[in-house]
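Residue numbers (my numbering): 222 to 901.
And the structure:
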C-alpha cells in the first residue's frame with residue numbers, strides 16, 4: 222500500500238519534557254521505554270498501530286500515550302479507503318483526526334496509512350466496471366484528498382501498500398510471493414501506472430510528505446523483494462517521487478529470514494530509506510510454551526537489530542502492541558499471541574527482545590563528546606539526531622534528521638535554547654533550510670541575488686526564470702542561443718517583478734560563451750554571481766554503447782560537458798564576488814552508475830556522468846565554491862518527450878527548494894529534485 226509518509230515532527234513539540242539525568246547503563250535496559258531505546262540506537266522512533274476505538278481502554282491508552290514507550294502512531298484502519306471515502310467524493314476523516322490529535326498532543330510522529338490498497342475498499346469502488354481513465358481519476362482524487370487533509374501532519378503516508386501485492390485495488394502490496402504482479406483492480410485496469418498516479422497525486426497534495434510503498438513478505442531477500450527493488454529503481458529512473466520502502470514484517474515465530482540486514486541495505490542502496498512498519502510474530506497454534514516465547518523474543522531481537530544496524534532504517538512500528546487488539550486471531554483463527562504485550566497488557570519476553578535489538582547498536586557507539594552529552598541531558602531525541610549527523614558546528618548546534626533543521630544561538634544556555642526552539646518554532650519542511658525560498662539567508666529584504674541560467678528559452682530553464690522573477694529581489698541573467706526567437710522568455714519582461722537580462726549564449730560555442738561574459742559583467746559588476754545554473758543540454762536519442770555515431774557523441778559531450786566546464790571557468794571571477802558562490806550542474810538519474818539504468822541513451826548518460834566528475838573536481842579545487850548536481854526528474858518538456866511524468870512547474874519549484882537550501886557542506890553532492898541524494 223502507498224503510505225504518505227511525512228514524518229511530522231510532533232515529537233519535537235514535547236521531547237523537552239523527557240529529560241534524562243544521564244545516558245542509560247546496561248543495567249537500565251530492563252525497564253527502558255522502547256521509544257527511548259530506539260533513540261539511543263539513533264532511530265527516529267519506536268511506534269505502534271492503533272485504532273480509535275481502543276482509546277476507551279484506560280490502561281491501553283495510558284501506555285499508548287507514553288512518549289518513552291511510543292514515539293510514532295499509525296492509524297490501523299482510520300485512513301483506509303473504506304473509512305475515508307465510503308461514497309464517491311464524500312470524505313470522512315473523523316477517526317483519523319482523533320489519532321492525529323493524540324499524536325500532536327503527545328509529541329509523536331504520525332504515519333499515514335494508506336492511499337491505495339487492494340483491500341478494505343467501499344462497494345462503489347469494487348462493484349463498478351471502470352475504464353482506465355475513469356479509475357485513474359478515482360485513484361488520483363482519493364490520494365490527493367486524503368493527503369491534502371492531513372498535509373503537514375503526516376510523517377510517512379504510504380500511498381501504495383505492497384505494490385506487488387495490492388498495488389492496484391486493495392493494499393498497494395503490488396506483488397505476489399513469487400514476484401509477479403498481483404492481479405488487483407488497480408493492476409488489471411491501469412497496469413503498473415497506478416503506482417506513479419498515486420505517488421504523484423500524494424506528492425502534489427503535500428510536496429513535503431515522504432512517500433513509501435509498503436509490502437509484506439519482503440523482510441528477507443527473495444523473488445518478492447527482488448521485484449520490489451526493481452519497482453523502486455524504475456520509479457527513480459522515471460522521476461516518480463518515492464522516498465521509502467515499508468517492510469511490514471508480519472512473521473511467524475521461528476521462521477524469520479536470516480538475511481534481513483542485507484535485504485534492508487539493498488533497498489537503501491537504491492536511494493530510499495526503509496522502516497519496519499507492521500511488525501508482529503504470530504504463533505500458528507496457541508497457547509505457546511516457554512520455549513516458544515523465548516524464540517519469539519529472539520525473533521523480535523533479530524528484526525529490530527537489523528533495522529538498528531542499517532543507518533537509513535528510520536524506525537520500527539509494531540502492528541498494535543498488545544495481543545488484546547491484534548488483527549491476527551480474527552484473520553487466522555487459532556493463531557495469534559504476536560505482540561510484545563499480552564492480553565492483560567503485561568510485557569512478554571518479546572518486549573525485551575526489542576530492547577536487545579536496539580541495545581546491540583547502543584553499545585557499539587563510541588563515547589559521546591561533551592557537547593553531545595549536554596544534548597543528551599536535555600533530550601535523548603536530539604542527542605540521537607546529533608549522533609546520526611555529527612553536525613555540531615562551532616557555536617551553533619546544527620541538528621538535522623528531525624524532519625527539519627533547528628538552529629540555536631550561542632547567546633543563551635543550551636537547555637534554554639533547545640526548549641525555546643522546540644516549543645515555539647513552527648514545523649517547517651526539511652527543504653528549504655532557509656526562510657526565503659529563492660533568496661537564502663535573507664533577513665534584509667533589500668538584499669539581491671544574482672542568477673545566470675543557461676538554456677532559458679524553453680522547458681525547465683524558462684520555468685526556472687519565470688519562478689525566480691516572481692521575487693523582486695532576484696536578478697536573473699537568462700541565456701539562450703537566439704534571444705530574438707525566445708518568445709516565452711521575452712514575454713516575461715512585462716510580468717517580471719525581479720530584474721531580467723536576456724543574453725545570447727550558445728553552450729556548444731566557446732566564443733559565444735566568452736562573449737556573453739563581456740555582456741554580463743557590466744550588468745552585475747560588484748554584486749557578483751550568486752548562482753550559476755548550467756541547465757542547457759541536448760539528448761541525441763536512444764543510442765547504445767555499440768550503436769552510436771561519433772558526430773552525435775561529440776555534439777552531446779560538447780554541449781553537456783565541455784560547455785558547462787567553459788562557462789564555469791569563464792564566470793569564475795563573478796562567482797568569486799557573489800555572496801553564495803553556487804554552481805548547479807543539471808544532471809540526470811541516467812548518470813548514476815549505482816542506479817544501473819541499462820543500455821539506452823548511452824551518449825547522454827556518458828556526458829552526464831562526466832559532468833558529475835567535473836562537479837566533483839570543481840568542488841575539490843575550489844572549496845569556497847559550492848558545486849552540486851541536480852536531477853530535475855523526468856519532466857514534460859520537448860526534451861523529456863512522451864511518457865514524462867513531472868510538470869515543469871512542480872520540478873522547478875522543488876529544484877529551487879533544494880538549490881536555495883544548499884550549504885557549502887553539500888558541495889560535490891548529487892541531488893534529486895526532492896532533495897534526496899542520488900548514488901554516484
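Positions of the beta carbon are idealized from the N, C-alpha and C atoms, including for glycine.
Because the structure is a prediction, the values reported are computed rather than measured.
Where the beta strand (DSSP E) containing residue i begins and where it ends
{"i": "residue 534", "result": "534-539"}
{"i": "residue 788", "result": "Segment 784-798 is the alpha helix (DSSP H) holding residue 788; no beta strand (DSSP E) there."}
{"i": "residue 296", "result": "293-296"}
{"i": "residue 720", "result": "720-725"}
{"i": "residue 271", "result": "266-271"}
{"i": "residue 338", "result": "334-339"}
{"i": "residue 893", "result": "891-893"}
{"i": "residue 214", "result": "With the chain running from 222 to 901 in the structure shown, residue 214 is simply not present."}
{"i": "residue 852", "result": "847-852"}
{"i": "residue 468", "result": "465-468"}
Three-state secondary structure assigned by DSSP to residue i
{"i": "residue 636", "result": "With a pLDDT of 39 at residue 636, under the threshold of 50, the modelled position of this residue cannot be trusted; read the value that follows with caution. Residue 636 falls in the helix class under three-state DSSP."}
{"i": "residue 242", "result": "Note on residue 242: pLDDT 34, under 50, position unreliable in the model; the coordinate value appears next. Looking at residue 242 - three-state DSSP - the assignment turns out to be coil, as it is neither helix nor strand."}
{"i": "residue 507", "result": "coil"}
{"i": "residue 429", "result": "coil"}
{"i": "residue 898", "result": "strand"}
{"i": "residue 821", "result": "coil"}
{"i": "residue 673", "result": "strand"}
{"i": "residue 657", "result": "Confidence in residue 657 is poor, its pLDDT being 38 and thus under 50, which makes the residue's placement too unreliable to answer from."}
{"i": "residue 880", "result": "helix"}
{"i": "residue 501", "result": "strand"}
{"i": "residue 402", "result": "strand"}
{"i": "residue 418", "result": "helix"}
{"i": "residue 349", "result": "coil"}
{"i": "residue 491", "result": "coil"}
{"i": "residue 396", "result": "strand"}
{"i": "residue 855", "result": "coil"}
{"i": "residue 496", "result": "strand"}
{"i": "residue 867", "result": "strand"}
Where residue i falls, given that 16 or more other Cβ within 10 Å makes a residue buried
{"i": "residue 429", "result": "buried"}
{"i": "residue 564", "result": "exposed"}
{"i": "residue 760", "result": "buried"}
{"i": "residue 449", "result": "buried"}
{"i": "residue 891", "result": "buried"}
{"i": "residue 488", "result": "buried"}
{"i": "residue 345", "result": "exposed"}
{"i": "residue 755", "result": "buried"}
{"i": "residue 814", "result": "exposed"}
{"i": "residue 847", "result": "buried"}
{"i": "residue 326", "result": "exposed"}
{"i": "residue 309", "result": "exposed"}
{"i": "residue 505", "result": "exposed"}
{"i": "residue 431", "result": "buried"}
{"i": "residue 775", "result": "exposed"}
Sequence-distant residues of its chain with Cβ nearer than 7 Å to residue i (five each side left out)
{"i": "residue 875", "result": "428, 894, 895"}
{"i": "residue 587", "result": "Since pLDDT at residue 587 reaches only 34, below the 50 mark, its modelled position is unreliable, and no value is offered."}
{"i": "residue 491", "result": "450, 453, 454, 457"}
{"i": "residue 859", "result": "679, 680"}
Cβ-Cβ separation, residue j to residue i (assumed contact under 8 Å), whole Å
{"i": "residue 268", "j": "residue 294", "result": "6 Å"}
{"i": "residue 556", "j": "residue 507", "result": "7 Å"}
{"i": "residue 778", "j": "residue 828", "result": "5 Å"}
{"i": "residue 446", "j": "residue 484", "result": "6 Å"}
{"i": "residue 461", "j": "residue 406", "result": "Contact flag wrong, Cβ pair sits at about 21 Å."}
{"i": "residue 417", "j": "residue 459", "result": "7 Å"}
{"i": "residue 675", "j": "residue 757", "result": "4 Å"}
{"i": "residue 255", "j": "residue 576", "result": "7 Å"}
{"i": "residue 727", "j": "residue 824", "result": "Actually they are not in contact, since the Cβ atoms of residue 727 and residue 824 sit about 19 Å apart, beyond 8 Å."}
Cut-off 6 Å between Cβ atoms - residues of its own chain near residue i, not counting five sequence neighbours on either side
{"i": "residue 543", "result": "560, 562, 566"}
{"i": "residue 641", "result": "Confidence at residue 641 is low in this model, with a pLDDT of 38, below 50, so the placement of that residue is unreliable and no value is reported for it."}
{"i": "residue 523", "result": "477"}
The alpha helix (DSSP H) enclosing residue i, as first and last residue numbers
{"i": "residue 712", "result": "708-716"}
{"i": "residue 753", "result": "No alpha helix (DSSP H) contains residue 753, which is instead part of the beta strand (DSSP E) from 752-755."}
{"i": "residue 309", "result": "No alpha helix (DSSP H) holds residue 309; DSSP gives it neither H nor E."}
{"i": "residue 696", "result": "Run containing residue 696: none in the alpha helix (DSSP H); it sits in the beta strand (DSSP E), 695-701."}
{"i": "residue 258", "result": "255-261"}
{"i": "residue 356", "result": "353-370"}
{"i": "residue 804", "result": "From DSSP, residue 804 is part of no alpha helix (DSSP H) but of the beta strand (DSSP E) over 803-807."}
Close-in-space but distant-in-sequence residues of the same chain around residue i (CB under 8 Å, 5 per side omitted)
{"i": "residue 319", "result": "273, 276, 299"}
{"i": "residue 535", "result": "228, 264, 265, 266, 465, 494, 495, 496"}
{"i": "residue 515", "result": "570"}
Distance cut-off 6 Å: residue i Cβ against heavy atoms of the ligand GTP
{"i": "residue 776", "result": "Of the ligands one can find in the structure shown there are none, so the ligand GTP has no counterpart to examine."}
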